[in-house]
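In the working numbering, the protein residues as written are 26 to 227.
Ideal Cβ placement from N, Cα and C applies to all residues, glycine included.
Being a predicted model, the structure only gives us computed values, none of them experimental.
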């Protein structure tokens, strides 16, 4: 692969590999071009530093049987967007890992739950700087919506709090509390799929 897609000394690799196979403490992301085609890998923190590198990500929106959205408040120890509210789960596939598989895996890791239903809801690309951290989200994001029928058991290193909200309660919470810089973009992009799962109140 071209050295332009990774920092010096971090050769590109492809294949479904967990972070443990990288250098100690290093997590690699799948870098993509403007059409969402994989072009290599890059270290996670490096990819989020200005000017950012376009990479693959996913966002999950899970609802209960009453049509309420499960939100999470990100743990205070997170390096990116700590302590803010966001959608059910977000993350990055391992290089070579299918986004659907990554979404289910990460939901289990962060929240201790397996979706009863999980459906693809399209993709969205964005370039969103985060003023609080100085980082940037340049992502090709795969969206998923689904149902959850069990109580969450969050990992405290990942999740500070959780809450089920109606559409009206979400509007109130967004007016009162900070949300992740990507929330509005991924939420609006996922709305057609959300309405199929949770109804047209959304």
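Mapping the DSSP letters down to three states, classify residue i as helix, strand or coil.
{"i": "residue 150", "result": "strand"}
{"i": "residue 210", "result": "helix"}
{"i": "residue 26", "result": "Because residue 26 sits at a pLDDT of 30, beneath the cut-off of 50, its placement in the model cannot be relied upon, and the following sentence gives the value as read from the coordinates. Residue state, collapsed to three classes: coil."}
{"i": "residue 227", "result": "coil"}
{"i": "residue 70", "result": "helix"}
{"i": "residue 196", "result": "helix"}
{"i": "residue 77", "result": "coil"}
From the DSSP secondary-structure annotation, give me the bridge partner or partners of residue i.
{"i": "residue 111", "result": "97"}
{"i": "residue 60", "result": "DSSP lists no partner for residue 60."}
{"i": "residue 187", "result": "97"}
Along the chain, where does the alpha helix (DSSP H) that runs through residue i open and close?
{"i": "residue 132", "result": "124-136"}
For the beta strand (DSSP E) containing residue i, name the first residue and the last one.
{"i": "residue 54", "result": "53-57"}
{"i": "residue 87", "result": "80-88"}
{"i": "residue 171", "result": "161-172"}
Near residue i, which residues of its chain fall below 7 Å by C-beta distance, leaving aside the five closest residues on each side in sequence?
{"i": "residue 47", "result": "In this prediction, residue 47 has a pLDDT of 49, which is less than 50 and means its spatial position is unreliable; what the coordinates show is noted afterwards. 53."}
{"i": "residue 211", "result": "84, 112, 149, 166, 168"}
Sorted by chain position, which residues of the same chain lie with C-beta nearer than 6 Å to residue i's C-beta, five sequence neighbours on each side aside?
{"i": "residue 117", "result": "54, 82"}
{"i": "residue 186", "result": "98"}
{"i": "residue 206", "result": "153, 155"}
{"i": "residue 136", "result": "177, 179"}
Closer than 8 Å by C-beta to residue i: which residues in its own chain qualify, once you throw out the five before and the five after it? Chain order, please.
{"i": "residue 161", "result": "73, 74, 75, 76, 77, 152, 153, 154, 155"}
Inter-stretch contact (C-beta, 8 Å, three-pair minimum) for the segment 64-73 and the segment 184-203: no
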